[in-house]
Amino acid sequence: MKYLDCVEIIVEKEKYANEGVHKGMQGVIWLEESINGEWDVYFPGYGENSDIAEISVKESDMALLPNGMDARINESIKAQFDK
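Okay, so the sequence shown: first residue is -6 according to the numbering used here, each after it adds one.
Shown next as structure tokens:
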């Protein structure tokens, strides 16, 4: 993985959930280097919605999205947890 790659979270972890990030959410790698096997990932909101988070994610906890990301997915997943 590298800077500006689009990724999807493939696991549900309390560490990520505490920051509002859940399995299936999509983001973009936001720094040029990983630190101890973790990448800084930015999870945007869609349209006028607030951004969800910018957190460190273990490389093995995410999958590359070669065709880009869709922040509408993040809003849909977020709504499931905001109830």
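Beta carbons: idealized from backbone N, C-alpha and C, even for Gly. A quick note: this is a predicted structure, and the numbers were derived from the prediction, not measured.
> Which two residues bound the contiguous beta strand (DSSP E) that contains residue 51?
Replying inline: 46 to 51
> What is the DSSP secondary structure of residue 3, reduced to helix, strand or coil?
Replying inline: coil
> If we count the other Cβ atoms within 10 Å of its Cβ and call it buried at 16 or more, is residue 22 buried or exposed?
Replying inline: buried
> With burial defined as no fewer than 16 other Cβ atoms inside 10 Å of the residue's Cβ, what is the status of residue 70: buried or exposed?
Replying inline: buried
>> I need the straight-line Cα distance from residue 15 to residue 2, nearest angstrom please.
In response: 7 angstroms
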